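Visitor: What follows is a structure written as structure tokens; I'll ask about it next.
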Ligand code: GCW
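Residue numbers (UniProt numbering): 22 to 689.
Set out below in structure tokens:
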């Protein structure tokens, strides 16, 4: 178990030397001043982690009666009487960690409003220890910026996982409700360690059965396992459920019978799961039912469910991922449908928007909806699972992609605003499954980790998050850290380069989305064909989204729109997303567009070749099992990067008639 990646970043490798002596002095005893189920989890994790790292678990004490106690105390505890913890800075889930003297003894205080912050503070302390940082003079305050930090599982009730590349669903429905799978406890620990506080258990391409009594009993067991780790359960709700499981002739959100049905259903769910989070809904999207089936709006649908959940404090998360064939430009549709509804959603509705206007491509500009719905609560949805980035086989660290999105300037609702400033929540489509390593590969664990850390602090740095993860997952040896962090930092750009450089998108094979297929042009829905997206011809390549084309740029704030509409100012990364550019147009790099395209595809392959060499150089510095797995996947990635480059260039060359530039290596 130790060497197959099961322990994720919670490996708690033994500490040695001077650091161990210092740690042992600081972590000798454990005092839980404010008992609660969550404080119990914190206590157990501290004992587990410290015991493994120091070879000696801290002793349980009722009070601070010797040096080296870790004290867990919620606000209001008499033990905090003589400290000056600023409750306002802690918020609901934040924590303070402080080196203090209590009863004449040196102690490390973890203070929080309640068990949630105590749990997060305990994991923060363990993280420091795992990174071999000193524990002596701590004075830390940290709190999550977003109240809802959620994983969305696209898990089906037969345990298959839509876009899942890590085995089966973690939810063992057949054995539930009586079986409490210990693996779920570990799943919850992992999430708590990065601050993820909610999970949607089932696929948004829904099956209404999950809302029936036998399934709700199973859901209740899972909820009971996640609860002590600060996580709440949500369910995807199929909009047509009143017809499919409720025996009603309609699911019209304005029909009183439908409204009564959902209210009763909400009551039933809360009877089984008192802290139920609410519903996630994919409506009128890719064939899913929704309010538009009854000529009602998204707001009508969302508000009807919101009304049913409101008495229980539940939330409706309504996805804005909508598009219909033939509307001219798929990238414009979510904005066109949702922006006019701003101000029409109930308070307990959150509109969940994918990072880009189309789908989860290797690179997209940010969705124009961010900042454009100031009277609504908006969540950012990203895909932790790598549907369009080589599944779990290709190494692509997504922290850099999410940092790029979060820092993108929307200049709305106020000048200077960035996507991060406009959010009420973050959701990540989960990449966890029954594989021993959870995520399908060792390196995809980093994306789970980074998602949680960025949801906690959307201003976090992708690089420091990568470094934390590397230290905890692979080790603190600087030779490891200095090699792996840069490799991760460049990895997503490599995928962009060898799949869809310069703002291209959606060149992937039909439906599975693995491997190149830019030539596909015959699918029934035009907006599913790669040729719809790249628009390559003799004259050039790219999608004109300026005023001479679809004018999607007009959906952005005026200052942003002006930049995007300017071929010279938009930047190479978004060039072909917004512009149709002649093959011979010259970029700032001095190359023609065609030469630049060739260069980028080649650069992507070259980066993977370097990643392999870097990784090979670490043989013997990490355990052989995990090393071999990552090495084998990198070999596949290199082969497939070449496949992508060669297939795309051969195709684009056949369309453009351009020669391969002099000096370009012939495909190997
Ligand atoms: O990216 C697409 C996927 C679908 C998915 C859809 C969505 C759940 O190909 O598998 O369906 O997005 O986000 O709803």
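From the three backbone atoms N, C-alpha and C, an ideal C-beta is built for every residue, glycine too.
These numbers come from a predicted model, not from an experiment.
Considering only C-alpha positions, which residue in the set 417, 392, 408, 413 is nearest to residue 437?
Guide: 392
Visitor: My output table needs one value for residue 192: the three-state DSSP class, helix, strand or coil.
Guide: coil
Visitor: In this structure, how does DSSP classify residue 36 when only helix, strand and coil are distinguished?
Guide: coil
Visitor: Give the C-beta separation of residue 409 and residue 510 to the nearest angstrom, bearing in mind that I take them to be a contact with Cβ-Cβ under 8 Å.
Guide: Incorrect: roughly 20 Å between the Cβ atoms, too far for contact.
Visitor: Would you call the region 454-467 in contact with the region 407-426, where contact means no fewer than 3 C-beta pairs closer than 8 Å?
Guide: yes
Visitor: Exposed or buried, residue 257, counting other C-beta atoms within 10 Å across all chains shown (16 or more means buried)?
Guide: Result: buried.
Visitor: Measuring CB to CB, does residue 471 end up less than 8 Å from residue 420?
Guide: With a cutoff of 8 Å on beta-carbon distance, residue 471 and residue 420 are scored as near each other.
Visitor: Quick test of your reading: residue 594 and residue 384, contact by CB under 8 Å. State the CB separation rounded to the nearest angstrom.
Guide: 6 Å between Cβ atoms; contact.
Visitor: With three or more beta-carbon pairs closer than 8 Å as the criterion, would you say the region 27-45 touches the region 112-119?
Guide: no
Visitor: Taking all protein chains shown into account, do 16 or more other C-beta atoms lie within 10 angstroms of the C-beta of residue 200, making it buried, or fewer, making it exposed?
Guide: exposed
Visitor: Would you identify the three-state DSSP class for residue 22, choosing helix, strand or coil?
Guide: With a pLDDT of 46 at residue 22, under the threshold of 50, the modelled position of this residue cannot be trusted; read the value that follows with caution. The three-state reading of DSSP puts residue 22 in coil, since its state is none of H, G, I, E or B.
Visitor: Considering only C-alpha positions, which residue in the set 453, 678, 551, 85 is nearest to residue 536?
Guide: 551
Visitor: Between the alpha carbons of residue 44 and residue 262, how many angstroms are there, rounded?
Guide: 55 Å
Visitor: Starting from the Cα of residue 59, find the closest Cα among 606, 218, 154 and give me that residue.
Guide: 218
Visitor: Considering only heavy atoms of the ligand GCW, does any lie closer than 7 Å to the CB of residue 184?
Guide: yes
Visitor: Hey, how far is the Cα of residue 142 from the Cα of residue 468?
Guide: 22 Å
Visitor: Looking at residue 565: is its Cβ nearer than 8 Å to the Cβ of residue 603?
Guide: no
Visitor: When you compare only the Cα positions, how much space is there between residue 22 and residue 646?
Guide: Only weak support exists for where residue 22 lies, its pLDDT of 46 falling under 50; the coordinates are left without a value.
Visitor: For residue 443, collect the residues of the same chain with a Cβ closer than 7 Å to its Cβ; drop the 5 residues on either side in sequence, then sort them by chain order.
Guide: 391, 392, 399, 431
Visitor: For residue 2 versus residue 331, is the C-beta distance shorter than 8 Å?
Guide: The structure shown does not extend to residue 2, since the chain is modelled only from 22 through 689, so no value can be given for it.
Visitor: Counting C-beta neighbours from all protein chains within 10 Å, is the total for residue 683 16 or more, i.e. buried, or is it exposed?
Guide: exposed
Visitor: If contact is defined by three or more beta carbon pairs under 8 Å, each pair taking one atom from either stretch, is the region 182-190 in contact with the region 442-461?
Guide: Three or more pairs of CB atoms, one per stretch, sit closer than 8 Å, so the region 442-461 contacts the region 182-190.
Visitor: Name the two residues that bound the continuous alpha helix (DSSP H) containing residue 326.
Guide: 319-330
Visitor: So, at 6 Å on beta carbons, what are the nonlocal neighbours of residue 580 in its own chain, with the 5 sequence-adjacent residues on each side left out?
Guide: 432
Visitor: Excluding the 5 residues preceding and the 5 following residue 678 in the sequence, name in chain order all residues of the same chain whose CB lies nearer than 8 Å to its CB.
Guide: Cβ neighbours of residue 678 beyond the five flanking positions: 559.
Visitor: What residue range does the beta strand (DSSP E) around residue 339 cover?
Guide: Counting along the chain, the beta strand (DSSP E) containing residue 339 begins and ends at 336-340.
Visitor: Taking 7 Å as the cut-off, is the CB of residue 254 close to at least one heavy atom of the ligand GCW?
Guide: no
Visitor: How should residue 174 be labelled, buried or exposed, when 16 other C-beta atoms within 10 angstroms of its C-beta is the threshold for buried?
Guide: With 16 or more other Cβ atoms from the protein chains shown falling within 10 Å of its own Cβ, residue 174 counts as buried.
Visitor: Give a yes or no on contact between the region 128-142 and the region 71-82, applying the rule of three or more CB pairs nearer than 8 Å.
Guide: no
Visitor: For a test of the three-state rule: what should DSSP assign to residue 667, helix, strand or coil?
Guide: Here residue 667 sits in helix by DSSP.
Visitor: Within 7 Å: the Cβ of residue 52 and any heavy atom of the ligand GCW?
Guide: No, since every heavy atom of the ligand GCW falls outside the 7 Å radius drawn around the Cβ of residue 52.
Visitor: Flag residue 300 as yes when its Cβ comes closer than 7 Å to any non-hydrogen atom of the ligand GCW, and as no otherwise.
Guide: no
Visitor: For residue 396, which of 246, 423, 366 has the nearest alpha-carbon?
Guide: 366
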